[in-house]
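The sequence shown lines up with residues 4 to 195 when you count with my numbering.
All C-beta atoms in this analysis are idealised placements derived from N, C-alpha and C, irrespective of residue type, glycine included.
Small disclaimer: the values here were computed from a predicted structure and weren't measured.
One structure is given below, encoded as structure tokens.
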Amino acid sequence: MKRYDALKKIVESLTNEFIVCNLGAPSRELYNISDRDSNFYMLGSMGLVSSIALGVALAQPKQTIWCIDGDGSLLMNLGSLSTIANNSPNNLTLIVIDNSSYGSTGDQKTYTNGKTKLDIIAKGAGFESITIIDKEKDIIQNLKNLGTGYHFVLIRTQPGNAHVSNIPLLPEEIKTRFCKAMRNFRHLKKKI
Ligand SMILES: [Mg+2]
């Protein structure tokens, strides 16, 4: 399984979750698999997608946020794990696709290819649950079983990027439509 295969399964698992996605290849692949107004494609700011997702989760406690991060970027911002766990949002799952490489810059190996175990770091940081997934067929069931809380899901994949086009949206468009989708969803929920 490569990142692209994992992303397809994540998309198949979605109901009404909002996605905050890591920059570069992950966002491009997600856009090409299934673009939604409720996907936020981060541009720039490598390492900070989990911090941004935490901010969204705390500001919008009634909405469920799935953050899609990578091993290379999370390794740049490990403090975010402690910050998430100690703020204890009831609506945030951090899904890390660990391909043991810096996929967007040429597949240089990361330290998860060596001694570093992100699941153990996340457990030590205080996450409510830790799930490790190695098989594509296990992704949907595991994601659908997530309840409320702050969860850490590690999907281990092979390195390699899909050949997909760039995202033809301006940063402002990505932000504006994401915020609008959140507002619309809030109104919808109030009516139910
Ligand atoms: Mg990676």
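Under the Cβ criterion (8 Å, minimum of three pairs), the region 89-97 counts as touching the region 142-156. The beta carbon of Thr119 is closer than 6 Å to none in its chain, skipping five residues each way along the sequence. Shortest gap from the CB of Ile100 to any heavy atom of ligand 1: under 8 Å. Shortest gap from the CB of Asp74 to any heavy atom of ligand 1: under 8 Å. Listed as beta-bridge partners of Asn42 by DSSP are Ile22.
Between Glu15 and Ile123, the C-beta spacing is not below 9 Å.
In the three-state reduction of the DSSP assignment, Gln63 falls in the coil class, being assigned neither a helical nor a strand state.
An exposed status is given to Tyr114, since fewer than 16 other beta-carbon atoms sit within 10 Å of its beta-carbon.
In the structure shown, the three-state DSSP call for Phe181 is helix. Residue burial annotation: Asp72 is buried, with at least 16 other C-beta atoms found within 10 angstroms of its C-beta. Short of 6 Å from the beta carbon of Tyr44, and not among the five residues preceding or following it, lie these beta carbons of its own chain, in chain order: Cys24, Ser30, Ile170, Ile177. Closest in alpha carbon position to Asp38, among Arg189, Phe181, Thr67, is Phe181. Within the DSSP bridge table, the entry for Gly75 names no partner.
Distance from the CA of Val167 to the CA of Leu77, rounded to the nearest whole angstrom, comes to 23 Å. Counting every other CB atom within 10 Å of its CB across the protein chains shown gives Arg159 a total of 16 or more, marking it as buried.
Per DSSP, the unbroken beta strand (DSSP E) holding Tyr153 starts and ends at 152-159. Ser48 and Ser107 have their alpha carbons spaced roughly 13 Å apart. With a beta-carbon spacing of about 5 Å, Ile68 and Phe21 fall inside the 8 Å limit used to define contacts.
Taken through DSSP and simplified to helix, strand or coil, Val99 comes out as strand.
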